[in-house]
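Student: To start, I am sharing the structure in question, which I have written as structure tokens.
Protein chains in written order, with full-length UniProt numbering: chain Z, 1 to 100; chain E, 1 to 195.
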């Protein structure tokens with residue numbers, strides 16, 4: 001019995017910033033493209049894997065934008081948890097929170 | 001309260017002591033926020049984060065009951081049922097407000113929800129993602145009413161249009177007059193009642 005071998009598509013690579021995606025934040029805090037059209041996740045997109053990867057990467061870019069604004073506009077700084085972790089330790093499991 | 005354990009995936013490393021949303025919030029409250037010198041502490045939570053926040057406050061209730069000025073819970077999934085912490089349900093009623101989706105006509109309406117143990121403010125949007133945006137203005141008006149307030153006071157607060165904890169209380173029937181006349185205290189707890 002033969003089965004067709006499914007060829008895995010290479011993981012798509014996206015940019016880091018909103019500008020790389022062609023999006024920006026408008027005055028009403030909406031995520032819009034260069035034509036002012038609001039972002040919509042296409043549930044019926046033929047390439048769902050790509051659509052989801054694109055959405056996740058875009059979400060990360062939005063999060064970076066929010067963190068940048070918190071830092072620049074309100075003086076927030078990143079703080080690593082667990083508290084007291086050596087700053088040079090990049091191996092131990094860790095996360096960060098934003099503090100002002 | 002139950003704690004949900006998040007199983008590690010292949011890409012994520014679990015931080016010891018911070019294995020779940022509840023433990024994460026409890027850790028941050030205990031090790032970071034409690035050391036803040038701020039006299040006024042306000043919390044804004046969203047969805048499951050509200051449960052994690054209130055669960056952590058209940059666990060560290062003696063630390064927080066006189067330090068927190070107010071909590072705003074947006075599209076919250078919290079409840080006060082099942083907690084055996086003296087004074088916690090009454091504290092939630094006095095200091096927590098939920099902000100939820102609603103039809104535009106119901107914008108500004110305040111409704112008491114017994115399982116959640118607090119008043120809920122209708123934001124007037126039927127789009128889930130817009131609740132945060134629509135809730136910001138009423139949340140900060142609510143916080144402004146609590147700025148400088150005596151957090152140790154157990155007296156019922158006077159009715160204030162910007163403080164939803166003092167409003168309402170649709171759906172309670174006769175309980176409304178009880179709460180307004182006698183204030184918010186544990187004798188009026190709804191935890192043993194059916195809804």
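Glycine included, C-beta positions come from ideal geometry on N, C-alpha and C.
Could you tell me which uninterrupted alpha helix (DSSP H) segments, each at least 4 residues in length, are contained entirely in the UniProt domain "Arb2" (14-100) of chain Z, listed from first to last along the chain?
Tutor: Whole alpha helix (DSSP H) segments, 4+ residues: 18-21 and 48-74.
Student: Less than 9 Å between the beta carbons of residue 143 of chain E and residue 72 of chain E, yes or no?
Tutor: yes
Student: Taking only beta-carbon atoms, is residue 174 of chain E less than 9 Å away from chain Z?
Tutor: With a pLDDT of 41 at residue 174 of chain E, under the threshold of 50, the modelled position of this residue cannot be trusted; read the value that follows with caution. It does not; no Cβ of chain Z falls within 9 Å.
Student: List, in order along the chain, the chain C residues whose C-beta lies closer than 7 Å to that of residue 13 of chain E?
Tutor: In the displayed structure, chain C is absent; the protein chains listed are Z and E.
Student: So residue 112 of chain E contacts chain Z; which residues on that side make the cut at Cβ distance below 8 Å?
Tutor: Result: empty, since nearest Cβ-Cβ is about 31 Å, beyond 8 Å.
Student: Taking Cβ positions, are residue 53 of chain Z and residue 17 of chain Z nearer each other than 9 Å?
Tutor: no
Student: If you measure beta-carbon to beta-carbon, which residues of the stretch 46-72 of chain Z are closer than 8 Å to chain E?
Tutor: none
Student: State whether the stretch 132-143 of chain E contacts the stretch 111-119 of chain E, with contact taken as three or more CB pairs (one from each stretch) at a distance under 8 Å.
Tutor: no
Student: Going by other Cβ atoms of all chains shown within 10 Å of its Cβ, with 16 needed for buried, is residue 159 of chain E buried or exposed?
Tutor: Residue 159 of chain E should be labelled exposed.
Student: Roughly how many angstroms lie between the CA atoms of residue 16 of chain E and residue 167 of chain E, to the nearest whole one?
Tutor: In a straight line, the C-alpha of residue 16 of chain E is about 43 Å away from that of residue 167 of chain E.
Student: Which bits of chain E does residue 83 of chain Z rub up against, with CB to CB less than 8 Å?
Tutor: 31 and 32
Student: Just checking, does the stretch 66-80 of chain E make contact with the stretch 25-41 of chain E on the three C-beta pairs under 8 Å criterion?
Tutor: yes
Student: Could you check what DSSP says for residue 32 of chain E in three-state terms: helix, strand or coil?
Tutor: Coil, per DSSP.
Student: Threshold first: 3 residues or longer. Then list the beta strand (DSSP E) segments lying entirely within the stretch 66-110 of chain E, N to C.
Tutor: 68-74 and 96-100
Student: So that I know if they touch, is there some Cβ in chain E lying closer than 9 Å to that of residue 18 of chain Z?
Tutor: no
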